[in-house]
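Protein chains in written order, with our numbering: chain A, 10 to 178; chain B, 73 to 214.
Glycine included, each C-beta is placed from N, C-alpha and C at the ideal position.
This report refers to the structure that appears directly beneath it.
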């Protein structure tokens, strides 16, 4: 089952590097790109051209974006009952402590600074894959959240995995 | 510089394995242990015997805990303006979808299940160290 990753990034160079790095580390990832904050929210809410969009398993969110800033996108995701469970990783060139703190206050799942050099960037994408898409348990697509208005069950990607029942109670 | 990690875990065997795995993975980690949810909250609020304890850089939180459940601890942490910025990683034996969804709904930073076998558990602790304590930017203690 492919993993759906939404990259919200305006730099075409960074998009290309991210795409290539994911292709190298995990061919099962299906990468979607939103180039600004408005497009990211339309994608997540399946509006307009995105009516058939998959719900992402993970969001990689840049902070400095045209139209709607990444901080605003993050706030909107984490205020939305249906979207807040999607792990949202900040991936930005900003090293500012204020941005780190603000992102965690807005309940970013994690904050990563983009390294300048290609090799290090590639290594970081590998780390994201090894940790978030391999080790971490992600919420299932149909995890019991109330459906979004206008969203149909047919948009859900793939069958729900059957799991053991040894949950803690 | 030491990295302060709070482990909230009631099983002494798991506490010991986690301590040993962190000692191997990263000697800069200073691991504090709270063995139930009430003690975890006292540690985080620096109450009682915890007045001199540091603010953790990272919390590893089990779900099944005596006195106060891990889900309640998580809800308290993420409802508190000061504490909510501390990355809180769920580390539990539960792989129930309902627990995973509930914890992300309560804004856990991530959810990990404890492997049963020791080598896999040690590898997971290394992953936590490599990702959260090496790659991720953590907020500075306020």
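| Query | Result |
| --- | --- |
| Leaving aside the five residues before and after residue 90/B along the sequence, list all residues of the same chain whose C-beta is less than 6 Å from its C-beta, in chain order. | 79 |
| Of the residues 39/A, 26/A, 17/A, which one's Cα is nearest the Cα of residue 10/A? | 39/A |
| Taking residue 123/A as the reference, give the member of 71/A, 77/A, 88/A with the closest Cα. | 71/A |
| Comparing alpha-carbon positions, which option in 12/A, 24/A, 22/A, 143/A lies nearest residue 37/A? | 12/A |
| Given a cut-off of 7 Å, decide if residue 76/B and residue 159/B are closer than it, judged by their beta-carbon atoms. | no |
| Per DSSP, which residues does residue 104/B bridge with? Please list them. | 78/B |
| If we count the other Cβ atoms within 10 Å of its Cβ and call it buried at 16 or more, is residue 169/B buried or exposed? | buried |
| Taking residue 101/A as part of the alpha helix (DSSP H), name the residues at either end of that continuous run. | Premise fails: residue 101/A lies in the beta strand (DSSP E), 97–101, not in any alpha helix (DSSP H). |
| Select from the segment 201–212 of chain B all residues with a C-beta closer than 9 Å to any C-beta belonging to chain A, and list them in chain order. | 202, 203, 204, 206, 207, 208, 209, 210, 211, 212 |
| Closest to residue 64/A by CA distance: which of 126/A, 54/A, 73/A is it? | 54/A |
| Let's test the definition: count the other Cβ atoms within 10 Å of the Cβ of residue 29/A and tell me whether it reaches 16, buried, or not, exposed. | exposed |
| Report yes if the CB atom of residue 161/B is closer than 7 Å to the CB atom of residue 182/B, and no otherwise. | yes |
| Considering only residues of the same chain and omitting the five flanking positions on each side of residue 167/B, which have a CB-CB separation below 8 Å? | 185 |
| Going by DSSP in three states, residue 116/B sits in which element: helix, strand or coil? | helix |
| May I ask you to report which of helix, strand or coil DSSP gives residue 160/B? | strand |
| Whether or not the segment 101–112 of chain A and the segment 199–213 of chain B are in contact is what I'm after, with contact meaning three or more pairs of Cβ atoms, one per stretch, closer than 8 Å; do they touch? | yes |
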